[in-house]
Amino acid sequence: MDDPTTVLVVTPSLGGHYFGQLLAGVTRQVSLAGGRVVVVETLPESAPRDEAGEPGDFSIPVAWSHVRGVVSITTAAGAEYLRRLRETGRPVVLSSTLMPDFQAPAAMPDNHGGVVAAVEHLVGHGHTRIGFVGNFAQQDIRDRYEAYRQALAANGLELDPALVLRAPNNGETGGDEAARLLLATDARPTALMVATDRNALGLMRRLTAAGMVLPDELAIIGFDNIEAGAFAVPALSTVDQRFDEVGALAATLVLAAIRGEQVPSEVFTPPVGALTLRASCGCSAEPRPRGATPAEQSAGPAPRARLERALTAVLLGDESRIAPVRTAVRAAVGAVERMLTSAGSATEAEVDVLVLLVRSLTSRPDALRRVIEAVSRYASEVVVSPVQVSAWGTVATALWRLQASALLRQVEETEDAMAEQYVVDAALLDTTQTDPRTLGWLAGTHVRAAVLALRVDERSDQLLDVVGAYDAGGTLAHHVGTRTAVESFPPTELLDLLHDDREICVVVPVRTTTHDWGLLALVGAVDSASTRETYQHWAGLLCTALESRRLQEEVRRSSLHDALSGLPNRRLFLERLTAAIDRRERTGTPFAVLFLDLDGFKLINDALGHRAGDRVLAAVGDRIRRELRSVDTGARFGGDEFAVLLHDTGPEGALRVAQRVQAVLAERLDLDGADVAVRASIGIATGSIGQESAEDVLRDADAAMYRAKSREPGAVAFFDDAMRAHVVRHQHLHAEVRRALAEHQFEVFYQPIVNLTSHRTDRFEALVRWHHPERGVVLPDEFLPVMEETGLIVQLGHWVLAEVCRQLAEWGPDVVNVAVNLSDRQFWHRGLLPRVLDALSRNGLTPDRLTLEVTEGVLMRRPEVALHLMQELHDAGLRLHIDDFGTGYSSLETLHRFPVDAFKIDRSFIRGLASGDRSTELITALVDLGRSLGVAVVAEGVETDDQLEFLQRIGCVTGQGYLFMPAVTGAQAGALLGRDLAEPAHPEQP
21 MDDPTTVLVV
31 TPSLGGHYFG
41 QLLAGVTRQV
51 SLAGGRVVVV
61 ETLPESAPRD
71 EAGEPGDFSI
81 PVAWSHVRGV
91 VSITTAAGAE
101 YLRRLRETGR
111 PVVLSSTLMP
121 DFQAPAAMPD
131 NHGGVVAAVE
141 HLVGHGHTRI
151 GFVGNFAQQD
161 IRDRYEAYRQ
171 ALAANGLELD
181 PALVLRAPNN
191 GETGGDEAAR
201 LLLATDARPT
211 ALMVATDRNA
221 LGLMRRLTAA
231 GMVLPDELAI
241 IGFDNIEAGA
251 FAVPALSTVD
261 QRFDEVGALA
271 ATLVLAAIRG
281 EQVPSEVFTP
291 PVGALTLRAS
301 CGCSAEPRPR
311 GATPAEQSAG
321 PAPRARLERA
331 LTAVLLGDES
341 RIAPVRTAVR
351 AAVGAVERML
361 TSAGSATEAE
371 VDVLVLLVRS
381 LTSRPDALRR
391 VIEAVSRYAS
401 EVVVSPVQVS
411 AWGTVATALW
421 RLQASALLRQ
431 VEETEDAMAE
441 QYVVDAALLD
451 TTQTDPRTLG
461 WLAGTHVRAA
471 VLALRVDERS
481 DQLLDVVGAY
491 DAGGTLAHHV
501 GTRTAVESFP
511 PTELLDLLHD
521 DREICVVVPV
531 RTTTHDWGLL
541 ALVGAVDSAS
551 TRETYQHWAG
561 LLCTALESRR
571 LQEEVRRSSL
581 HDALSGLPNR
591 RLFLERLTAA
601 IDRRERTGTP
611 FAVLFLDLDG
621 FKLINDALGH
631 RAGDRVLAAV
641 GDRIRRELRS
651 VDTGARFGGD
661 EFAVLLHDTG
671 PEGALRVAQR
681 VQAVLAERLD
691 LDGADVAVRA
701 SIGIATGSIG
711 QESAEDVLRD
721 ADAAMYRAKS
731 REPGAVAFFD
741 DAMRAHVVRH
751 QHLHAEVRRA
761 LAEHQFEVFY
771 QPIVNLTSHR
781 TDRFEALVRW
791 HHPERGVVLP
801 DEFLPVMEET
811 GLIVQLGHWV
821 LAEVCRQLAE
831 WGPDVVNVAV
841 NLSDRQFWHR
851 GLLPRVLDAL
861 SRNGLTPDRL
871 TLEVTEGVLM
881 RRPEVALHLM
891 QELHDAGLRL
901 HIDDFGTGYS
911 SLETLHRFPV
921 DAFKIDRSFI
931 RGLASGDRST
941 ELITALVDLG
951 RSLGVAVVAE
961 GVETDDQLEF
971 LQRIGCVTGQ
981 GYLFMPAVTG
991 AQAGALLGRD
1001 LAEPAHPEQP
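Encoded structure:
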């Protein structure tokens, strides 16, 4: 199944009648085509909601990797941004704007036809002094003014500049200002064409308060047909321009371009908006289609057909969509027709049926208002007799009650939204309890899912760190802690959570005028009933919360860190050491503490001064920090004393770190020409002694440090002499293994995994060997346990993965797969999956070329966590095998629950075939088990013909062992492809 088409919409705003309707139309049309919408709000939170008319400086390439086409609404983005988008091969469509420096298909409202009809209607009422009110900063308003000017000329009327009143914005305050200008002049118009309904409402309110009688002294027609206009006094006549149809048209154009159709760079408009005539223009009749007389109406389609068409347009936008809705519309029209054209009165049951039909079609107050207006027009054409008039009164009352109920629900929803906002405000304004980055403050809101990503740093505007995810199912949690490009944000999993045509993925920049934090993406909804910019408001509050959190962290850090070195101070070190002691008591996790004292530091201070001494201390702190893992803690206690807390580390590991720290401190330091070397005496105390407090551990480490210093400056001493002796015995081997890693003394060998029927191979198991400079080849049994203890096994495992992928790429497709063994530490290492995928990617390999083998004992240590990790590996396309199968205690459970592709029968069972024990029955049962579960079976340690014959007889398909070939070098392994390995010419086994 193809991925759904994703369309990017950049818009200055989300809410309100204008932008809300545009977005609703885009979303509806894209959803009908099986696609989904990502909406990026580009207007800064601090900017006025009424746009200034010029494109902003938005330049963030949000979601470019996901989308196939773009709709840019009004002044959301400048020409340069849109050109960059189009150069990537993504078609761009403009909506409600034209750009002289960027030519593209443009979906525009019909600003001309509706205004011309309004002016002609006012002329028909006898007006000759017709003025205009509007905010000329916007292109739409300028277009409406041009239509007004042309309509005057067409009717032989001269344009009087004194009758043109400029509003500072499109809202009620803009209309109020226009009314003030009008009241201040004696040369007043008798009628006004007002460019927006909200301007008209503000104008009417101010004029009525000043004592003017409307429409007797001034007739007014607005533009937009917003809901509030129907309830104004007098009710506002208006041009019913369907902005959702403009949005739907823009979506239609971009979808056509995505399909490869040629869409010319010209203006496209939806059908002409109808005049909705009410009392403000002087009319008392019911509304009727734009400019149509009763005679024209009778010459057009029948009243029923007009009603059906009108209701379909209200509910769907055109007559070609979704058959079930069209069927319901026809049923509702039939119910209206029966009640208003029959000879009898409308029954209560008939009215109830109509109400149920209309309610099933829509619950939005604005849509219900349009339904009532359409039915009212129909009634004005068909109602004749007193009985029909009575029936119409009954129907109208029921529909008005339905609308009133919807308005009440809208009020309740507004109250809910205010309560929701209060909860969000409270959570984001108090960051002392929770971290706002986790997005826990979204709990209880209408948002089902969200992801927060912050910029890596102020210099990088293309990379984001995902720091928070919110969704009930936990689908997005694995993204936290990952890094992503801006073009790939938000993650596709968030887009996959979109459910219906009312849901969109909203991306809001989290930024202030002084700081750009990052991006917030969430599953939201289009709200055309309210001008509230909910998500922008949240983003603004989030900026405040993030800044507050940053300041809190700075204060906390200054109280817990050494100002000179930046390391934790004694207080924080003791807190972490106490936690380590508690962890040892609960889980047995070991720890170690290193106490360092710089040898001869006083001489540096005396000879070079305290400023130079401070530079040495800062350098020491930095070098110690670089040598530690993220789970370890380095600290400065004051003076020249430092300490290190090593997590999950025994004596051997502690000594290894101490030697590494000594080595890095011994590196020369240039102090303005003075060459300085630093040595440190180090005392080590481990948690195995059983100290009860952090101070006890520090005391032991301090005592050991003085013992080391007394023997020889720059030495290392353990507090426990017996443990020290044990460490010394292993010290040499540890050093050799580390040297082996540094000097690349390891090599990967490959043992073929053979088809037991054809005796041929196309896959191998990777096995590591150590080429010791003095002892020759050392087998894994000797050095792997040491590396597992010290943690070097992870570094070795990473190298093996990289080497295997390199060898696979060199062999080419003839080698289908190579299996790599994961050690205990490597399997639990948090960077395993990214490391594996990176090695595959760098060598141009698909994940199915690699198999990861894990022993059952590793999985059973923490089975639930292991199950999650295995599922992630399997979902990434990697093959997974259970090694040494049958030696654990939950083998059947492992196969049943874990996403395993194969298991390997341990060589001990194969070897037991010759001893006459029960290995025969056990191996047969294991092969049958694999067959019944659909899991492949590999027999390890096949060394004799009798073993091969038995395995063939019981249906075991795959095996490996010395009978076919021992592990060989990569070059030798390539020569084995296509050979019959039943009687191989074995190379000399190293």
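So in my numbering, spot 766 of the sequence shown is number 786, and the numbers just go up one at a time.
A virtual CB, placed ideally from N, CA and C, is assigned to each residue, including glycine.
Assigned secondary structure, residue i (DSSP; H/G/I helix, E/B strand, else coil)
i, result
"Glu687", "coil"
"Tyr490", "strand"
"Glu61", "strand"
"Ile930", "helix"
"Glu513", "helix"
"Cys301", "helix"
"Met880", "helix"
"Ile704", "strand"
"Tyr982", "coil"
"Thr289", "coil"
"Ile974", "coil"
"Leu482", "The displayed chain sequence assigns Gln, not Leu, to residue 482. Strand."
"Thr31", "strand"
"Arg468", "coil"
"Trp831", "helix"
"Arg262", "coil"
"Ile943", "helix"
"Pro254", "coil"
"Met725", "helix"
"Pro772", "strand"
Length of the line joining the Cα atoms of residue i and residue j
i, j, result
"Asp163", "Ala198", "19 Å"
"Gln891", "Ile930", "30 Å"
"Arg350", "Ile161", "37 Å"
"Arg106", "Val112", "6 Å"
"Thr382", "Thr216", "26 Å"
"Ser362", "Gln408", "7 Å"
"Pro291", "Leu540", "37 Å"
"Ile925", "Gln967", "13 Å"
"Val57", "Val546", "11 Å"
"Ala99", "His141", "39 Å"
"Ser578", "Arg570", "12 Å"
"Leu584", "Glu687", "20 Å"
"Ala760", "His557", "58 Å"
Residue i versus the options, residue with shortest Cα-Cα distance
i, options, result
"Thr533", "Ala53, Phe39 and Asp77", "Asp77"
"Leu648", "Lys729, Glu661, Thr669 and Ile150", "Thr669"
"Leu63", "Pro129, Ala469 and Gly560", "Gly560"
"Ala411", "His630, His752 and Gly364", "Gly364"
"Ser713", "Gly45, Thr598 and Gln158", "Thr598"
"Ala271", "Ser425, Asp965 and Leu28", "Leu28"
"Asp965", "Leu1001, Ser939 and Ser952", "Leu1001"
Beta carbon of residue i nearer than 8 Å to that of residue j
i, j, result
"Ala678", "Val717", "no"
"Leu42", "Ile93", "yes"
"Val487", "Leu776", "no"
"Phe662", "Val640", "yes"
"Leu971", "Val962", "yes"
"Gly703", "Arg727", "yes"
"Ala694", "Ala724", "no"
"Thr1013", "Asp260", "Nothing about residue 1013 can be reported from this structure: the residues present for the chain run from 21 to 1010 only."
Below-8 Å beta-carbon distance, residue i vs any chain B residue
i, result
"Leu616", "In summary, chain B is missing from the structure at hand, where a single protein chain is found."
Meets three-Cβ-pair contact criterion under 8 Å: the region 673 to 680 and the region 808 to 815: yes
Cβ contact (3+ pairs, closer than 8 Å) linking the region 525 to 539 and the region 502 to 511: yes
Touching by the beta-carbon criterion (3+ pairs, under 8 Å), the region 243 to 262 and the region 80 to 89: no
Cβ contact check for the region 861 to 873 and the region 813 to 825: 3 or more pairs under 8 Å: yes
Given 8 Å, three or more beta-carbon pairs between the region 766 to 776 and the region 976 to 996: yes
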